[in-house]
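Peer 1: Sharing a structure with you now.
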Amino acid sequence: MSEEEESPKSQNVFISELDCYVGKNIGKYLATQTPGVGVDEAYQEVDISADKQWEPNGPPPPKKNCFLISGTLRYTSSSKPKFAKEVLNYEERQRFLEHLLEFDAIIYDITENPEQIEEVLWLVESLEQRSEEFVTQKKFFLISNLMSWPMTKPSDPEDPGFVESEYRRRKPHPKFKEYLECEKAILRAGKKHKKKFITYVLACGVFYGCGEYLFQHLFKEAWLAQKPLPIYLNGENILPTVHVIDLARVIQCIIDNPPRQRYIVVRDDSQFTLSEIVKSISSALSHGNTKMYTKEDMEAYKIPPEISDLLTLNLRIEPGAIKEDMQFQWVSDSGIPNYISQLVNEFIEEHNLKPLRICILGPPCVGKTTLAKQLCQVYRLHHIHLNGLLFECIRNLLEPIKAYEHLLAIREEERLATELVSDADIESTEKILPQRNSGISRSSLVGNETKALATGGTTALDFTSTLNWSTKVSHPVNTTADSYDYDVDKNTLTGDEITSIRKSSVGETLADLEYYPISPSPVWNSEDELELLVNDCQERLEQLRENTDETGKLNDETLIRLLIQKLMSKPCQNQGFVLDGFPKTLEQAEALFRPDPEDEDILGNEKFPSSHRLITPNYVIYLMGSNELVRHRFNRQSTEAGLNPEQALIIPPLWRACLLGEKYTSQDADKMKSSVNNVENEPEKESEHLADTDENAPGEEMTVLKHLETQKHRHERRLEAYRAAMAPGAAAFRAALIDEANLFHEEKKEERRELRKAEKELFRALAAEEATAEGGTDGGGGGGGGQEKDEHEKIKETVNDAIPSEKAKEEGERDSEKGENVREEQQQEEEEHTKTESTLAELRLAHIPPIPETPDDTEENVLTYFDIREIHPVVIDMDKDFSSLIGTNGPQEDCFEKVRKVIGRQKAPYLPSIKLFSSSSKPGECEIQQRAMKHLKELQSVKMKISESQMERDKREEAKLLQQYQDDWNRWLSLLNAQNYQYTEAHSLPMRHYLMKYIMPDLSKALLKCTEIRPEDPVDFVAEYLLKTGISE
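Mind the numbering: the sequence shown is residues 1 to 1033 in full-length UniProt numbering, read in order.
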């Protein structure tokens, strides 16, 4: 027997509405299966977490003799699916029926479009009438739901469950009575001619998988992570569900081996409630928050009844036929919560929602942040940068601490109010007893005051003035988060109201948080939970402070740990992210993108360098810019902001002061800002302002103010650090040369210091010798001279006694002036010497080569990390980009278009929207929508034709202009060749022959003309004549 005879024969299957959820997935599955062979258990959905790799021999060969799928389309805008053999489109029912007689199995789904019920009843009746003509048995499948069971009373009140065999006494939901009538009609039609025509009703649970249908809005909201997912009513209803591929496998089993049971319940073995299902979806794709929706909420949010009626179904029913008569491998037999990870992959794959991960690197002020924001806006991504990361981290740690401080303050306030009220009662009692008759007015006054105290009034107690934040916690924390205010309208608080004391109103947020995914604030439900949360936050805050240096910067290990947590968050994993300006070094990249220890597939592959598959960027954009360009952009930004970069000071963020553990509040920041503004507005009075501040302000504030760096200094420091990180080899070589130059400078400086010291000692020795010599000369005179000297000294003393003491004062002043002059001269000499040494040092450093702006290929930097892993960075030279900006503060157009071209898509993926059939819609509404879509397509085609004609016109004009340029070039080239030929020929002739051929003819004409006219200046006339003749020729 040949191989073709052994292979099973293919069967023709008709499926209605191939462009809808159920029909598309059933058709796609059956098109890969072979009839009569059984369910192929190797069929698996695509896993997007790993790239698909084929064996060395290539992909597996396609199967032979699979089911041949044909069907109809619901929407006119839909195109024929790839798995379909043909699409039927008949306006006449009779021709449509003739074509359906060729199929072995006919599948109709009425769960999505109830309008098909009429067509189903007509078709079944027509097929039953012509069943005698059938050569082989034909099978008809009606895919329905379980809404024909909700009103059925259980046979045993203690056991509210049902079994499949009880289908004859089922009672439908009031809105689904027509479904029950259609099911009964289908079952009746298949009883008369079972050998020729048999019918099946597949009562299915709520479908899930393959991109979702009724659960699609929940997956979409969770993927966006915008708000809590809704749970309709109380969410305690048992919701029967089934994976749509499992339904397709049930149909395949029935086609191969028809069971006796014709009403078949199709559902998995799960018994999960709606609340459990929704929470599993929220936890897998979002932050896990849910919200109960009442009937009023469902009406307010306009939840379609098609969704609410099916998702609030509460039914316990056990299938029979699929357990007894069918043996196949289930895709998901344990329900949505246990299969949620694969369902998320199916949802992302079906709707092309794979996360886009981008990393932008480059020097400061080259345009990274503007490009990142534009990419986030166009592609619906999240902007991840270190400032936002640290701001969010400190905010989440301080908010519970501030709330706990506020709670303790309220407790203290209640205690003080109670004590004051009791004291006031005692005093009023003592005064009322002796003055019962005359003190009524005073008693009422005291009562009013007591009432005011009890109600938290400000008559005797000012709540806001006595509130002390820093003394309410065992470990005081600086009040960095003073921007988080709290409601202080009441002094009483119960345990259930603790969550309401927090009013998050971020006052000083960062300007770059526009696209940063801020995580939800911490939540607590009781005072005990808050206290535990505060202890944890304090411990984590202390750990951060231990890993912070003197300048308030976290070490790389802690920073990367926080960044990994953020990149692994649900928003970044769902939509993707743009990592702005980090990592900066090769070591940071290796630490940040190190592979997950639990990922065995990555760790087991030793052929290629591994990385973390969930956070490693898909695209790396490197914006290359020269120092001149980034300095120009920096100066332009400062000018537009109205700042002087050489004087404007950088105020450190509040979270940095928190990491340092300083008592640095927002009020201190305001004082510092005012001080900085005064210095910037009046730079000529800067010294006076600082002097005044030193006298009037605390020393701590001035210490911080003096250590602030200017905008320009910060920019130059960051630029130098970036160049050093991109060229570590060149930076190390430059640092070695600088150290050597500094060492040489110190040695020379020490030599000059020793030389000056020796000169001073020599000068002192010479001065001492001169003084000794003068003293010896004075003492070596005769005796007569000594007598004269004594007489002279006596006369001098007498005169000095007669002269007033003013002369002595003048001599002292002259001596002090001489001393000051000597000190000033020495100081000037030292300053000149210092200037000379600094100038020499600058000259020596000027000869040391700077760090190159473009790193060498041999340098191992952060780009090397991505190159090794075949994530080749896209290098964009910003010095060559002269295009205009996108918007006011956007990136340059050419730069953005290059990045968009590399990414390969023009915008963010289309978010799915569920297509429901509304029973309340008007009869012609679908036709109107179809005509509108058709008209829209026509307009798009017209626009396309116009654009194509415009492109052709532009091409013709460009070709015409190019031909004109070519003709001009050829003409000038021929003229140049002629001149070259004449020049060469002239040089090859003798002088006399050259003159007779080229000079004398024109000269003779000029001389003859000159003799005829006889001008006053014949030489000028001949010259002008020759010039005019040459030009005309």
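Glycine included, every Cβ here is placed at the ideal spot set by N, Cα and C.
As the structure is a computational prediction, the values presented were derived from the model and not from experiment.
Any heavy atom of the ligand SAH inside 7 Å of the beta-carbon of F1021?
Peer 2: Absent from the structure shown: the ligand SAH. Ligands present: none.
Peer 1: Suppose the cutoff is 6 Å on Cβ atoms and the five residues either side in sequence are ignored; what does the same chain contact list for C376 look like?
Peer 2: Once the five neighbours on either side are set aside, the close Cβ partners of C376 are H383, Y515, V578.
Peer 1: Which residues in the same chain as N289 place their Cβ atom closer than 7 Å to its Cβ, once the five residues preceding and following it in sequence are excluded?
Peer 2: Only P228, S282 meet the Cβ criterion.
Peer 1: Please name the residue, chosen from N352, V331, V620, that lies closest to N574 on a Cα-to-Cα basis.
Peer 2: Nearest C-alpha to N574: N352.
Peer 1: Quick one: give me the first and last residue of the alpha helix (DSSP H) that H715 is part of.
Peer 2: H715 -> alpha helix (DSSP H) spans 711 to 726.
Peer 1: Tell me which residue opens and which closes the alpha helix (DSSP H) that V250 is part of.
Peer 2: Run containing V250: 244 to 256, per the alpha helix (DSSP H) assignment.
Peer 1: Is it the case that the Cβ atoms of L592 and L563 are separated by a distance below 8 Å?
Peer 2: Cβ distance < 8 Å, so L592 and L563 count as in contact.
Peer 1: For S144, report the span of its beta strand (DSSP E) as first-last.
Peer 2: Looking at the DSSP string, the run of the beta strand (DSSP E) that includes S144 is 138 to 145.
Peer 1: In whole angstroms, give me the CA-to-CA distance for L1007 and V1022.
Peer 2: Cα-Cα distance, rounded: 7 Å.
Peer 1: Less than 8 Å between the C-beta atoms of E318 and V163, yes or no?
Peer 2: Result yes, Cβ atoms of E318 and V163 sit closer than 8 Å.
Peer 1: Hey, could you find the ends of the beta strand (DSSP E) K291 is sitting in?
Peer 2: Per DSSP, K291 belongs to the beta strand (DSSP E) from 290 to 293.
Peer 1: Who are the near neighbours of A189 in its chain, counting only those whose CB is closer than 6 Å to its CB and skipping five residues on each side?
Peer 2: V124, E128, T199.
Peer 1: Can you say whether A773 is buried or exposed, counting buried as having 16 or more other CB atoms within 10 angstroms of its CB?
Peer 2: Answer is exposed; the Cβ neighbour count stays below 16.
Peer 1: For G625, does the three-state DSSP call read helix, strand or coil?
Peer 2: Looking at G625 - three-state DSSP - the assignment turns out to be coil, as it is neither helix nor strand.
Peer 1: Does the distance from the C-beta atom of C182 to that of I245 stay below 8 Å?
Peer 2: No; because the gap between Cβ atoms is not below 8 Å, this pair is not in contact.
Peer 1: May I ask you to report which of helix, strand or coil DSSP gives T34?
Peer 2: It is coil, neither helix nor strand.
Peer 1: Say whether chain C places a C-beta atom closer than 8 Å to the C-beta of I117.
Peer 2: No chain C appears in this structure, which consists of one protein chain only.
Peer 1: Identify whether G890 lies in helix, strand or coil by the three-state DSSP scheme.
Peer 2: G890 falls in the coil class under three-state DSSP.
Peer 1: For C20, which three-state DSSP category applies?
Peer 2: In this structure, C20 counts as coil in the three-state DSSP scheme.
Peer 1: Beta-carbon separation of G890 and Q374 under 8 Å?
Peer 2: Against a cut-off of 8 Å, the Cβ pair of Q374 and G890 comes out as a contact.
Peer 1: DSSP three-state call for P230: helix, strand or coil?
Peer 2: Three-state DSSP puts P230 in a strand.
Peer 1: Can you check DSSP and say which residues form a bridge with T241?
Peer 2: DSSP lists V206 as partners of T241.
Peer 1: From F140, Q964, K945, L121, pick the residue whose C-alpha is nearest to that of I107; which is it?
Peer 2: The candidate whose alpha carbon is nearest that of I107 is F140.
Peer 1: Roughly how many angstroms separate the alpha carbons of L389 and P230, rounded to a whole number?
Peer 2: Their Cα atoms are separated by approximately 30 Å.
Peer 1: Just verifying my parser: in three-state terms, what is the DSSP assignment at G699?
Peer 2: A caution first: G699 carries a pLDDT of 48, below 50, which makes its placement in the model too unreliable to give a value.
Peer 1: Would you report the Cα separation of G367 and L623, rounded to the nearest angstrom?
Peer 2: C-alpha separation (whole angstroms): 8 Å.
Peer 1: From K171 to P150, what distance separates their C-alpha atoms?
Peer 2: Roughly 7 Å between the two C-alpha positions.
Peer 1: Could you check what DSSP says for G729 in three-state terms: helix, strand or coil?
Peer 2: Correct three-state label for G729: helix.
Peer 1: Using beta-carbon positions only, say whether K570 and H217 come within less than 8 Å of one another.
Peer 2: Not a contact, by the Cβ cut-off of 8 Å.
Peer 1: Rounded to whole angstroms, what's the CA-CA distance from N338 to Q226? Just pull it up for me.
Peer 2: Whole-angstrom Cα-Cα distance: 24 Å.
Peer 1: Please report the distance separating the alpha-carbon of L386 from that of R411.
Peer 2: Roughly 38 Å between the two C-alpha positions.
Peer 1: N113 to L146, Cα distance in whole Å?
Peer 2: Each residue's Cα considered, the two are about 15 Å apart.
Peer 1: How many Å lie between N292 and F215 at the Cα?
Peer 2: What sits at residue 292 in the sequence shown is Met, not Asn. Near 16 Å, if we compare the C-alpha coordinates of F215 and M292.
Peer 1: Who are A105's beta bridge partners in DSSP?
Peer 2: Answer is V13, K139.
Peer 1: For a quick check, are the C-beta atoms of N89 and K9 less than 8 Å apart?
Peer 2: Not in contact: N89 and K9 (Cβ atoms no closer than 8 Å).
Peer 1: Could you tell me which of S144, L315, G23, L68 sits nearest to G161, measuring between CA atoms?
Peer 2: G161 has its Cα closest to that of L315, out of S144, L315, G23, L68.
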